[in-house]
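Residue numbering for the sequence shown is 81 to 248, as defined by this note's numbering.
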Amino acid sequence: MKPSTWTSLVVAAMFAGLMYLRLTDQGPWSGKPAPAFGLPVVSGEGLGDRVRLEDLKGRPVVLDFWASWCEPCRQSIPILNEVAKETGVQVYGINSESFAAPVVDRIAQRWGFRYPVLHDATAEVMQRYDVSALPTLYLIDRQGVVRKTHAGAPSARRLIEEVREMDR
């Protein structure tokens, strides 16, 4: 098989997978316990602390995997700011780039994050969550179970409804 054909097949398979996720809002973790993690807060409230998923049980959480080169990630920030304000859900941005923490902090401040940003410098957590597109959102319920996965950001209204439904 020629390299260009192989590349086309890989791109087509990735696109099909992304469309499946987009249409079903399901990912490999939906209905399963969210993978554990412990990451440092590099921007926002709690700067310098370490956030561990197990410490968040008892409250719903939204994880937002993002990168500085991702324009759709940037566009999702106001949506997530609104969702956090409207519902009180704890939102965490997770950046998996190999930048130094202060660089991630500067980007987060410039982009207007109003929720804490965690740094996954080795991309281990991103891999554990099977993130293949950015932004990817995980809605995790009070028991630590993944309820929804979004490749790309849905509307604020839709996310607010999903968070409230998950919190019942």
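Think of the CB as a built atom: it goes at the ideal place given N, C-alpha and C, for glycine as much as any other residue. Keep in mind the model is a prediction, meaning the values are calculated, not measured.
DSSP places Leu239 in the uninterrupted alpha helix (DSSP H) bounded by 236 to 246.
In terms of CA proximity to Lys137, Ile220 leads the group Met206, Phe145, Ile220. Boundaries for Leu143: no alpha helix (DSSP H) harbours it, while the beta strand (DSSP E) harbouring it runs 141 to 146, taken from the DSSP string. Across the set Arg222, Gln223, Pro120, Ala231, the C-alpha of Ala231 shows the shortest separation from the C-alpha of Tyr209. The C-beta of Ala116 has fewer than 16 other C-beta atoms within 10 Å across all chains shown, which makes the residue exposed. With a 10 Å radius around the Cβ and a threshold of 16 neighbouring Cβ atoms, Pro182 comes out exposed. Annotated three-state conformation of Arg154 is helix, per DSSP.
For Met206, the CB contacts under 8 Å within the same chain, skipping 5 residues up- and downstream, are Phe145, Ile174, Ser176, Asp200 in chain order. Arg190 carries a helical assignment under DSSP once its states are collapsed to helix, strand and coil.
Going by C-alpha positions, Arg244 is about 12 Å away from Arg139. The DSSP assignment places complete beta strand (DSSP E) segments of no fewer than 3 residues inside the segment 163 to 219 at 170 to 175, 197 to 199, in order along the chain.
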